[in-house]
Structure formats: structure tokens, C-alpha cells
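Chains as they are written, first to last, in the working numbering: chain F, 6 to 317; chain Z, 6 to 317; chain W, 6 to 317; chain H, 6 to 317; chain B, 6 to 317.
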């Protein structure tokens, strides 16, 4: 398992001197001391309403939001990302989870054909600091930008200011950046995704979550990811997990994203929580085996099968 | 009659430490010590102008807003929800009512075909705190979100911030969430309503008021409500009452919403205030007999008929 | 002449304790100790540009804004309503007039067919408090809402907050509410006007100025006004005067609005200021004879004819 | 030359007591102790880009902004009106000029056919107060309203608040009001211009700059201006100079505006700065001879011809 | 090499007295004591996404943002302009570079045919001051205005306020002004560019970056630039470098812009960073030889060829 020390943490220049140690604490917590990020995405109850949580092919456990916190506490993750209110409802009963408060969200009801996407910041940073003062273990905040939307400017403003303000007080920031809108022909274009990664670096986020590029006959998705990882510079890049696939396929993709593409971890939601609690917990461990433990796909599959355990 | 203690109240993590006891007080007041909510909705004078208060089939008593407060003080309710100005005009003469200040409202003059709905926040939270400082018995605030409207983002922002700010000072929050707008094909779809319930949980409200789903040949409305009650997680779900129906039909629906669907109470307006004062008072008692007293429909009908009394 | 005492003034619960006596002072000043409102509307120089002040059928005196203040000081009125700047230019020379600062205004250049109406708040409440600190006798503020406009939400927000803030410091609030916009088929519909009156009550204003409903074969305008006066609850309702008509016709309408319809006074502009100074002064006295003095139409006509005087 | 004393200055009631003497100082400075305003308009570099400063029929001197300040310091003017940044660049070298900071501006690139005009406030009043604290001789601020534009409300808000805030600290305010937009058929209509003048009075400005009305066969422009000067009440009215015409024609128009129409001075830009420095300086003196010195046209022409001097 | 002293620096009147020495420091740093500006533009990762950094004809070094800082530290430049987050990520490792924080940016995904350009301010000035307090060597801020866009007003507001606020604390301001939008027929028109230069002067910026005008058969681009340099007044004008051309061509253009057109320096991005590190470093030195060292084109080419060195 890779290990980094406090001195290895590269603290951005917008972290105020007084917040420097707190930033390092948060960085080490979020990456479990590895420099790699295992992000458990739990923001879909607004993004996709109940579509991801109830219906055919989804475990009954997933019908209630309790499921997310059960997984987060029993599994092995870096951070659990969810909206402020969700965290506020459950955090007292799940105090050990590292939380990332997702600052913006929208539903999927209005489609791009009707209007370009805008996901508004739902509460100010002070409300997050209040959670922390109340003892909630929040290590950072997250924000989604739809690049190329006609509302790009509004999201760029909110993200741009949020990163500065969050860093000032020592919180990490993860950006979700998805090119989307009438102006975007191909959301999975590798060169466009590299552009998104560069935007994250220029805005100053610590990590950026992007969709993996669509592979071609000549290059795999992971190979094409290299351009984006270069463009991201000192911002760590992680790929969204997408819809649920077989665990071994998923784990192999993840391994390649990290070891071929240069990704700094993973950001996974549906692939985890749409499973029953037991299976979901094992999958978090298998994912973390790769992301945090630098294990092979074969070993990670053994972890998923319950033949081996992985904790940090 | 179910009873909860101060220790049973699950205080969200965004209630500041200094406001914790006040939140518990408000929660116990609003639920009359039962954990269930009987909400008397009195915000229609803006929402529906005078249509709900004057005309055929509406008792003459309802022509003046005094009627609402007479019912609220003589009947048995949990909270009376109305706009800030309405409460300010009457509260001094009806000091014992638990008030919930409805923070946003719109008229129904502009229809969705002309423009998607936006209901703006009409005053800031400080104005509510001023009412409380002036001795008005306000226990919480309410806000309506039209999910799927092209203005969804504006309402999400206002609600998201309001909940944080209200909890910080120990006030309860009830969200009204109605999917509505050009993008919404079926407002009464059970799965969509479950999505709305999940949004309320993620925003962190204490209760959410939704429309009951439309039943099908195979499932009753109450059975279909289960999905939403699960999705709501720790946010209590109550159903809007809709237009006026026979009292026994209404009471039976309510009983099923709670005992089959898993609802945490009721939110009723027109069904109550469109009746004469005496009848309206008896209906509040019958509703509360079910919601707060956990009584049977038959017993509640007896209360409505004046054969029995119900108070808390 | 009806008389009310300080104890008769119903102080809304949003008047801060420290401002209670000031609110009562302002209420008694504005209603000249009667509980009835005689409002002299002087905000048309923005609303109608110079159309109401210059041209055929308009006295030459009306060409200069001085005319309004001459009438206000020599006639008998409750309050003179005008924009902040207008009051600031003249108040030092007319210190005894009770002023109501109209907070929003628009011109009539853009018609509803081109764009729905929005009348913006032109200055914040602090600028009014500064006038008061400078010794100007301001007793309240006014605001116009075009209900049913596509910009209804913006005006509802400004009015909603203004009322809370004005009451907090002990100022009266008068709302002008006119249903107007593409969504409004009949601005003079009695039921719609009743809706407007109910909105004023829910927003918490002290008075509301509406257009009188259009009478039908079966009911007079004054009879139809009853619905609105009921819906207004504790908000006093006064009717706009409209374009200039014969004095006796006007005075009879006013008497009926009060004694048949239940209105709490009058709000009159053009009917007064489009006359020569002498005639305008006499008309204010005749109007006040009815509104404030509870005199008969016949007696009021005598006052208009200069056969009798009326002062307060 | 007309002279007014400190006691003649009518101080509006929104000038805070503490700022009263400063307001009087500024009024006397701006009007050179005469009560009349000679405004040298230097805001066209944004309004008309380089069209007014370079090209056929324009003196080469006008190519550089230095020209404006050379004229302002060597000529005889009341105030030089320009944007904040322009003043900030040059004021240290031209300390004796009375500056009026123009608070809003737009270019002429987007035509009314594409979008109605909106000229945004470019900086807040505090930035002007900072200039004053830094020793710059600023006596007031200016703002343009396009009445009848679909963005009228935005400009009315900015102007309405600006006047209150500027008066509070003792600064003068000049409004430029031009009816313009799809809703405006005839910008030069005398009755409409009178409406604009009335708006200025209601907003509370000290002076208003309007276009002179278009004369007809029966009435000259100056005669038609009377309606506007009446409607302006206590707001002094000055006419825009328009494009460059012969000096004697220009001086005659100005004399008539003041002595026939009732104008309180002039507001002249292109007619001055498009000339060579020497000629421009002489024209400012000739204009001031009429506006400030109450001299005849013939005498003013002699000043322009250099046969006589005029200073204050 | 031209040299200016502290007394030669013309400090605008909006630099607060307390910030005067800091402004002079920053001015001398940014111009390397010459009064001329060599600006290395590194803001394209948002403006052009990854198009300028990866692909045919672009050196592999340019794929990672580290490249920009390597050039900045090893080459000879005046200031490196980049977004706040980019600077925050790297500044600690490159402490000697003079940074200019670019305050606004947009991607090129939405084309003008779909919507006119708006580049929003992404963070407030306080975040830049925080960087400085943290020890980052920031000497100024930058902002782009698209003149003639339907969103011109928003950018004018942000720029207008930013310049005042930045000067108040002693920071330099560079404006990028590009006429662009449906209303702009020819972005490279010399007269229009002169208008842009005049706008910069009126807003008060220290420098303005414009595109060089398109030359004609009769006049070279540099000759046509004279109009703009005059119109800019005390704002120094520098030309954007545009896409990559041969070094000697580029250096000759630059020399002519300065010595024929009257430019005050250069603003170059792609022409530098799309080269390998070694070549890019040599080009910065060659450019600075002309801009800062007042050397001939021939000498500058020798510097580019490595036959001579140039440092400051």
C-alpha cells in the first residue's frame, strides 16, 4: 500500500497559513494516507431522483438512504460525497465516515433539448463550516460544472469562488466536470475531457471527476485518458464509474485507469449502492484494494469474492 | 396516543449546539409530542387567490381570513401554515397556535403553458426571527419547490439555504415538493413522487408534503406511497389533502396513507376551511384523532360527527 | 367624525416592540385619528409621464409639480404619496404634509403586448429612514404589485420584504395591487380583485389600493366590492379614483365604496390634481368630509362647492 | 453675471445634515456661483467609441484624451463629465477642473433593433468617494436612463439609489434621460421629453440633461421646451448639444433654450472637443458667456471670435 | 535598455495614498523597470481547453501545465498571466515569477452563433489579496471584455469595479478587449480597435491587450495601430500574439508595433508555449530583447538563435 507523509502533501498557495495543517489532515484522511482518492458518490438522489435506487436490477436495500451510510461505515472508502442535508440527517449515527459535501445538484427532469444544464450551488460554505463546528467529519466539498452549457458561466463563477473559499479554510475540493449542452457534440471525446481536466487545474481544485473517454479501435479508454491526466497537472483525476457492470470488468477498468491512464483513484456510486449491503461492502473493499492498496485486479476480485479482506 | 420523549427526537447535525433544545421544543410542539405532523395549510389566499374561499360549495365563514385562525384556535391541529404577513396580522389574538411561516408563494394566474412555475421566497429568515422575538409562537418555516420547472434551480437554492439557516437556529422546516412544468408529464406518478421525497431528504428538511400518487388497478395510492416513504429516509412524509371530499372518505384515505403507506401525518387545507366553523373544527379533531391519536377511521368519524371529542 | 384612540390601533406582530408607539403615531397621523385613509396619489409623473399633467382638460396649474404640494398643504388629506426624490425636493417647504414614499414606479412606455409589467423598487428603505432623520414627516411607504405579470415574483419579493422591514421600524405600508399582464383577461373582475385583496393581507400590508370592480346589471361596483373587503381581512381596502369625472359622481361613488362595499377610505390622484388649485383644494375637503368626517354625499358636495368647510 | 449666495441654494431633504455645507459648496462650484450649469460632456469615448474623436471633420487634437483635459483646464466650464477611470488617469495633472463622474456607459455597437439599450453602472459610489479622499475635485455624479427601454427598470433602480446615496454625502447628481427602445416612436417628441424631465424630478436629481424637442412649423424647439422645464420642477433642465454645428447657430440655440424655453444651462460635448484646442477653448468661453454670464448671442460670438474674453 | 525611475511612474488618482508605494513597486516589477510590458499569456487552458496544448505542431512539453511555469522561471518575461487556481497550484515552486491573476475566463464551446460571448469573473479580488498575503508574488489582475456582445454590460460592470478595487490596493490592471458578438462585423477593424483602446482608458486600466488591426494595401497593421495608441491615452497598449508563426516574422511584427504603432510592449502566449522548453525560453528572451531591451530585430533574432543572451 502506497504511503505518503505530511511533507508529501503539496499544499496549494491559496490555503491560508492558519489552515495549512487542517488541509494536510483532510488530504491524508480523504486519501487514507495514500495520495489516492476512493470517492463513494452518493449524490444521485437529487441528480437521478429515485431512478438509481428503486426498480428492476436494484437491490431492495437501496430504497432507503440509510443504505448509503451503512455501506460507507462498513465498507472501505476514502470519502462519501452527498448533499448537505443528507449528511446532516445521518452523520451523527455514522461519525467515522469522511464526508465530502456536494454543494450543487439538479434533477434530470429538464432535458438538454429543453434547456441547457445548470446545477446551482444550494447553500453557502458557511453552512458546511457549521456542520464541522457541530462535530461532523467533513473533509471537503464538491461541485459539478457542465462545460459548454449556456449556463457554464454561472457554474464557473460558483466553482471558482468556492475553491478559493474552501482552500482558505483548509477544505479539499473535488470538481465533477462534464461537457454537456447543445454545443457539445461528443461528451466522451478524449480531447474534450482533457480540456475539462485543464479547467479543473486552472480553477485550482484538488481532484477532478470526469467521465472516462470512449475508446476507439486503436486506443483503449485508459490509453486515451493520458492526455487528460497530463492536462490536469497538479489536480488529481478520477473517473466516474457510470452504470452498473460486472464487478471484475469494473475492477479491471479501474486498474487500467490508474496504471495505464494515470488516474489518481476512482469515483463510484451506482456500481456500489445498487447492490445488497453485503455485496456493496465487499465491492468498496475490492475497489479500495486497487485504488488505495495498489493491488492487482486478481487480488481485488478475491476481495470482492470475500476470499480476502482489505481495510486501511 | 403515541408519545415520544425529548430523547426520541433525532436532531439533525445542522442544528447548532446552542439551538438544540429549541429544536426539540419545536419538534415536540409541532407534533404535539407524538412524532406525527398534523399540518393545517392556510397559504392558499396567495396560491389560489380567492377561489378557495368564496363561491359555490364554500361556507360563507371562509370569506374572511379570520376563519382560518378561529379554526386553528378552536380545533385540534399541530401547526397552522401561512404567509408571514397573515400570521403577523392575527397572531396577537391567537397566541396559542403553533405557526409555520410559509416563506414562498405565487398566484395561479400565469399557467404552466405560458411559463414554468417559480414561487419566490418573499422575505428573509430574519423577519421570522423578529416575529419570534416579538412573542409569536413560530415553530418552523415552509417552502414549496416545483421540481422539473425551468426555475427549479432558483427554488432549490432558496430551499437549500433556508433549511440550513432555519436548522441553525432551531426551527423546523417543511418542504412542499410538487413536480410541475413543461418537462413533467405526470405529476402524480408514484416513482416521481418518491424522487421528490428523496430530494427533501438530501436538502435536509424535517418533513415533506407531496401529493399522494395516483392509484392503479393493481395498487392503491397508499400502497404506492411506500416507495416515497422509503426514499424520504429521515424526512417525514405527509400528503396534501387536495380538493374537498366527504369527511369519511377523507379520513379513510388519511388512515391508509399512515398505516399502509408509511406517512408521518397529514397536510390539509381546503378540506377543512371550506366548511363552516363548527364543522371545520370537528374535522380537525377527527383528522388529529388519526394522525396524532392513532385512532381508527370509525372512531375518527365519530369525532367528526361530534359524538366524541379529541384533544391533545 | 369617527375617532379612534391609541388603544384601538391594531398593531401587527411584526412591528418591533421598540417601534410600537411610532407605528401608532403614524397610523393616527395617516388616518387623521379616524382609522380611515384619505390618500392623495401623486406618483403619476413616472407612471404616466406628463400625460396626466399637461394637455386638454387639465388645469394649467398642474404643469408644475409644485401644484401637488400646494394642494397637499392647503387641502385636507391623510397622506400624500409620491416618489422619494419628489418628496425630497419639496418637503422642506411643505413640512406639515404626511408623506408616504412610493418605493417603486415604472413608465407606461412599454405596453403589456410587448412585455409584462414590472415596477422596480427604486431605492432601499434606509433612504426613507434618512429622510425621516432629516426631519421629513414620512409616515409610511407604498409599493405596486402587478399580479399575474410574468414578473409577479420580483414584485412579490420586494413587497414581501419591504413590509416586514417597514413594520419593524414602525412605518405603515400601502400596497397598490393591480392584476395585469398577458395572463389577465379582466383586470376589473370582482373575484380577481378580491384575490388581490387577500394577497395584501397575506403579505401583511396595512392598506391595499385596488381598482373598483366593474359593476354588472345585477350588482353595483360597490356591492361587488364586498367580497374584496372580506378577503382583505385586517388590511384596509381603498379604491383607486381613476380618470377625472364630475365631482358629485365621484363623491357618490366614494360614499358607496365605504358604506356599501366596506372600503376603509379612498386613494385619489388625477381627479384632484388635474383641477385648478382652488378647485382641487375644495375637492380634497369634500373627499375627506366623506372618508374622514363620515358626512353624507350632499354635505360633501356643499363642501366642494365652497358652501361649507371641512378640516380635521 | 447672475450670482447666487449660499442661502439661495435649495438643499434637497435627502442631503444629510452633516453633508449640507458640502452640497452647497459643490452646487456653487458646479454652477460657478450662478445657479446655471455649463456641463462639458466627455463620456463619448465609451458611448461612441472612437467615432467622435477621429476622422473627417474632427481636429487631430481630439485623437488623444489629453485634449479633453486641456480644454477643461484652459477653457471656461462648470463641470467636466467623464468616466471614473478617465478622471483617475488625468486628474492629478488637471487638479482645478470640477469633475462629474459619469457612473454608467455603454457602447453603440448593439443597436436597438437587436436589443433595447441598457447602460450599466460601472462602479459603486464608494469608488468616487475614494477619488475625493485622494484629493480629486469631484463635485457630483451622472447617470443615463433610456426611458422606454425594456431595461428601463434596471436603470431606474440604479439611478434611484444613486441619487439618494450621492445626496446623502453632499454630491450633486445629473441625470441624462433619453427615451429610447422599440417602444419609443419619436425620441424628440416634446411631450415625451417633458415626461422625462418629470421623471428626473421624481427621482430627485439636481439637473437633467435631455435632447431638445424637435420644433414644428408652429413652434420652435425652444418654445416647446417650456413644457419640459415646467415638468422638471426643482430639477434644472439642460439640453444636449448634439452633433457639431456652426458656432453662431449653436450659441443662438443655447440662448433660446435658456431665455425662451427656461433651461438652466447647457451640456455640450462634440461641439466643443471636435475642434482644435484653441477653437474649443474659445467656444467654452462663448458658451459660458451665455450660460453663466447671461450675455447676448452677439457678445458670445465675439468671445468665440476671440474679440473678447470671458472667465468666471 | 530604457530605464524609468519611481518618479516616472504615473500613479492614477484611484490608487489610495496608503497603496502608492506598492503600486509603484508593482509597476516597476511588471515592466522590469522599463515602463514596457512583456506579458506571457497563460490563460488558454480555459479559453481554448486543450486545443492549444496538445496536438499536431505543438511540442510534447506543452501537454502539462508545468511547462508554463518552467518557461516563466527560466525565460525572461515581465508577468505571467494565468487563472487564480493555476497560480495557486504552482506558485510555491516558482516564487520569483511576477504573476498577473486573470479574473475571468470562458471556454470556446458555445460559439457566437449560438450565444454572444460572456466571460464571467470567477473569484473576487479578496482571493487574490489572500494569495499575496500567503507570499505569492502577484503584481496585478487581468480581465477580458467582449465589446459589442449582448453581455457587454456585465463585463463592463465587473471590469469597472475591479479596476477601482485593484488600484485602491496598489495592484496593476490589464484589460483584454476584443470586439465580438453578433453586432460586430469586423473584429480586426482599426477604428473599432481604437474604440476598444479608448474604453480601456475610460475604465482606468494600466494596460490594454488588443488584437492588432488587419493591414490593408495602403497601410500596414502597425501603421494602423497608431489610432488606437492615441485613443488609449495613458493606458499602455499591447497586442495579442495570435497563433504561432515563425520567430523572425513574429519579432519583426512586435518591433513595428512598438516603434511604428506606438505600442507599449507585447502579450504573447501560444507563440511561446507551443514550443519545446528550450526554444520557448529563447523566444521569451528574444521578445524581451525588443520590448524591454529596445534592441533591433536582428539582435533579437540572434538571441532567439542562442547566439546571444538577454536578461534583465
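Glycine is no exception: its CB is placed at the ideal position from the N, C-alpha and C atoms. Everything numeric in this text was worked out from a predicted model, so none of it was measured.
Delimiting residues of the beta strand (DSSP E) encompassing residue i
i: residue 161 of chain B; result: Run containing residue 161 of chain B: none in the beta strand (DSSP E); it sits in the alpha helix (DSSP H), 157–173.
i: residue 315 of chain H; result: Here residue 315 of chain H belongs to no beta strand (DSSP E), and DSSP marks it neither H nor E.
Exposed unless 16 or more other CB atoms sit within 10 angstroms - verdict on residue i
i: residue 118 of chain Z; result: exposed
i: residue 191 of chain B; result: exposed
i: residue 16 of chain W; result: buried
i: residue 57 of chain F; result: buried
i: residue 7 of chain B; result: exposed
i: residue 22 of chain W; result: exposed
i: residue 254 of chain F; result: exposed
Opposing strand residues paired with residue i [DSSP bridges]
i: residue 141 of chain F; result: According to DSSP, which records beta bridges pairwise, residue 141 of chain F is partnered with nothing at all.
i: residue 244 of chain F; result: F:215, F:271
i: residue 126 of chain H; result: H:109
i: residue 151 of chain B; result: B:183
i: residue 43 of chain B; result: B:271
i: residue 104 of chain B; result: B:85, B:143
i: residue 177 of chain H; result: H:145
Residue i, enclosing alpha helix (DSSP H) - first and last residue
i: residue 282 of chain F; result: 282–296
i: residue 256 of chain F; result: 252–261
i: residue 264 of chain B; result: Where residue 264 of chain B is concerned, there is no enclosing alpha helix (DSSP H), given that its DSSP letter is neither H nor E.
i: residue 76 of chain F; result: 71–79
i: residue 27 of chain W; result: 25–35
i: residue 306 of chain F; result: 302–309
i: residue 210 of chain F; result: Segment: none, residue 210 of chain F is in no alpha helix (DSSP H) and carries neither H nor E.
i: residue 51 of chain Z; result: 49–52
i: residue 228 of chain B; result: 226–236
Residues of its chain near residue i, where Cβ-Cβ distance is below 8 Å and the 5 sequence neighbours each way are ignored
i: residue 203 of chain W; result: 236, 237, 238
i: residue 159 of chain B; result: 123, 125
i: residue 211 of chain H; result: 17, 32, 145, 177, 178, 179, 240, 241
6 Å CB neighbourhood of residue i in its chain, flanking five on each side removed
i: residue 157 of chain Z; result: none
i: residue 4 of chain W; result: Beyond the ends of chain W as shown, which are 6 and 317, falls residue 4 of chain W; an answer cannot be given.
i: residue 183 of chain B; result: 151
Cutoff 7 Å; reference residue i; Cβ partners in own chain excluding five residues on either side
i: residue 79 of chain H; result: 286
i: residue 268 of chain F; result: 230, 234, 242, 243, 244, 262
Is it the case that the segment 31–50 of chain H contacts the segment 171–189 of chain W, given that we only count it when at least three CB pairs across the two stretches are under 8 Å?
no
Per the contact definition of three or more C-beta pairs closer than 8 Å, is the segment 30–43 of chain W in contact with the segment 51–70 of chain W?
no
Between the segment 113–129 of chain W and the segment 76–95 of chain Z, can you find at least three pairs of beta-carbon atoms closer than 8 Å?
no
Is there contact here, the segment 209–227 of chain F with the segment 263–273 of chain F, by at least three beta-carbon pairs under 8 Å?
yes
Closer than 8 Å is the cut-off here; do at least three beta carbon pairs connect the segment 70–78 of chain Z with the segment 274–289 of chain Z?
yes
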